[in-house]
Structure formats: C-alpha cells, structure tokens
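Read the structure below first, then the notes.
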Amino acid sequence: MDSAIELKEKLRRLVEKYKVDPYEVSILYGHEVEIRTENTNVYEKLQKLEALLLPTKERKDRKIYENLFLPFIDEDNSVKLTPFTLVNLPKLEEYGVVSPTIINLIVSRGNKDVDKKLLNLIDLLYETAQIRSKSDVKINDSDISPYFRVGKVKLKYVSKFNPVITREEAERVLMEYKLNRSRRLPSDEISLREYLNVVGLIYDALGLLDISKASIEDILKVRKEAGDFRDCGLLSLPLDDRKAFTKWKQKNRCGSHPFEIVAGYSHNEIILYPPIKGRLAVYSDYIDERMYKIVCRLLEKKIPFTTDIKRIVDTLSGEIYVNVNIHTPEILGMVSYDDVKEKDKIIWKKIEEVKYKHR
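According to our numbering, the sequence shown is numbered sequentially starting from 152.
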C-alpha cells in the first residue's frame, strides 16, 4: 500500500497528465447551469468509474456515489482535492457528474463531440478512483481545498458585510413586533384606498414619496412606476368599494404580481399582500435595509401585519448562517472562502470519501 507521500506523487503525475484546473472549469461552465453532453465513450467511461464504487445512497430512480475526489495543484504547489458526486439515472440512461462549486454535467449516449477539458476531467476522476481503490491512506480535511467544498458561517464573519442593525436593535424590534401581533383589522375586507394607504407608508419609509404631502393619486402614480406593471386590474378598482376589491381578489389569476409594490430581479422585489385573518403581509426573498425600514414604519403606525421577522433581524444583524462557496437565497451574490474574515468560524459540510468495491 502507498504512503501518503507516494499517493500525493501519483496524484501529482495524474494532474500533470490531464491538466484539469477546477478554477478554469468553474469559470467556463458554471456550477448553476446544467451542461449536457451526448457521447457514448464518455458514458461508458462513467460506467467503468461506477464499477469501482459502492453507492452512498440508493433511490428508486438513481444510485448516488458521493465524494469522489478530483486532484489539482493549488497555488502553493501542493496537491489538493475537490469532491465530486456521480449519479446513475438508469431509467433515463444518464449519468450526472456534479460538484456544487464547479460543474453540473449530464452525460448520455450519443456521438456528439465533447470538449477536451470535459474529457480530461472524466479521465482524471476515473484514474484517481482507480488509485484510491487500491490505497488505504486516509483523506483528511486538510487535503480538501476550502475553495471547492461547501460550508456555512454567520454573516457577521463575512468581510463584505456590514451589519445594518445591532443585536440590541434586533431584540427591540422583535419585542415590538411581538406586541404588534395582538393587533388585527376588524375584517379582511378592505378597499383599494385602504390598501394604497399602507403602500404609501412603505413608499415613504423607502424615500419614494412624502406621505405627509401625498394624495392617493400620488401613491397610485408611484405604485405604477415602482411596482410590477402586471396589476391585472387591481389599480383600476373603485377606490372605496370594499366589495369590488374582495370580488377582484377572489378572481385574481395573476398570483403575487399585482401586490409587488417594488418590482425587482433576482428575488429582491417587495410584496404587500392584502389582509388574511386581520393582518397584511409584507415579504421579500432578499433581505436588506429596505425591509427593516418597512417593518419599523409599520410598527410605528401600529399597522397589523406579518412578515418573516426573525429572518429579517438575523440577516441584518449578521446572525444568520450563509453558505460558503455556493449561493444563499437571503443575500445577493455569493460568499467565497476568501470573503470569510474568521476562517475558523466556518462549519464545513462533512465529507466522507466514497467507498470502493475492492479496497
């Protein structure tokens, strides 16, 4: 059996043979976009790779082999490893070759040309698995590149994040929100004017208008400019007819679009839903200072409402956990390993190497 030094030298020779750079592959293909290739030679190479392995998980429609390793030479000239997963989808006659930080490749039979870099990646995975199947040298966490594994860390330890609120402010808002939860509207029936009055408070909090000087027409104008244009007739309802609003709501087939009072992209829109069980609801998938301003204004005016308050205050005070090296829904952009100030605060996803049939 090889020593750790001998194993590293074998892997180094493989890397020099195939010249696969995971940084380059990640940039070329991206891990969030599915790449498909139809090539029988590649498919059969993955069959040979699978024949070396024992499944980590088995489902009705697939076999999953987690944590094969792809070696590469890091900047410090050391051999590092990055984990991959192989998925066999027998009913579809497809294989998936997946790294959450590098690539999402689907392979089926066919005769289409395959990029040389992808061929080399598959060959390197296969030959590395061959070597590992005959080696009892344990892979340690220090062997795995921190740039190509998944972890989580509190947002406050990320260098490009500046807390919007202190922990004390977060606790104060949580208490005020809890007290406000005792308030309810007498009925879920409201008029367009009543709905727009709350919209106006939100626009004032965001600096889009001055509510002290704004007419209902001013609020409507800003709503048409700032919100989703797909109002589906909501903004044309009679201002003071509650029955008309209720009837429209019952027939609404436009989902949340009419209530998107601040239009956005990548999930940063702001939505104000009409009351359910006596409370309006305000939400945004992306949490930033805007949501804090809105919450504070609605609490100040004692408006009965609901929102994901814990997620808001934890995000803005930095107490929320975010992913490292893959995207997190609550924030725009991705936190990389380099973005984390205190690396020891990262909680890495446990990696246990795939098991081999003949080790």
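Every residue gets a Cβ at the ideal spot worked out from N, C-alpha and C, and that includes glycine.
It should be emphasised that the depicted structure is a prediction, and the values quoted were computed from it without experimental measurement.
Put simply, the stretch 296-313 does not touch the stretch 432-445. Fewer than three CB pairs are less than 8 Å apart.
Scanning its chain for C-beta atoms nearer than 7 Å, with the 5 sequence neighbours on each side dropped, one finds around M442 the residues S435 and I463, in chain order.
Looking at the DSSP output, R187 sits in a beta bridge with I257. DSSP lists L232 as the beta-bridge partner residues of P222. DSSP places I422 in the uninterrupted beta strand (DSSP E) bounded by I421 to I427.
Cβ neighbours of I471 within its own chain (closer than 6 Å, five residues either side excluded): L306 and D465. In the DSSP assignment, Y443 falls within the unbroken alpha helix (DSSP H) covering E440 to E451. Note: G247 is bridge-paired with V238 and I257 in the DSSP secondary-structure output. A distance below 7 Å between beta-carbons, with the five flanking residues on each side excluded, links K263 to the following residues of its chain, in chain order: T188, E189 and N190. Excluding sequence positions up to five before and after L203, its CB lies within less than 7 Å of the CB of A280, Q281, S284, Y507 and K508, all in the same chain and listed in chain order.
By the beta-carbon neighbour count (other beta carbons within 10 angstroms, threshold 16), L330 is exposed.
By the Cβ-count criterion, S296 is buried, with 16 or more other Cβ atoms from all chains shown falling within 10 Å of its own Cβ. Taking the Cα of E440 as reference, the smallest distance to any Cα among T397, Y346, L325 and L357 is reached at L357.
For K305, the uninterrupted beta strand (DSSP E) run begins and ends at G302 to K305, by DSSP. Of Y488, P173, P389 and L243, the smallest CA-CA separation from T233 is found for P173. Contact between A377 and L359 is confirmed by a C-beta separation of about 6 Å, below the 8 Å threshold. Out of D266, C383, Y194 and E226, the CA that lies nearest to the CA of Y180 is found in D266. Annotated as proximal: P222 and L162, with beta-carbon spacing under 9 Å.
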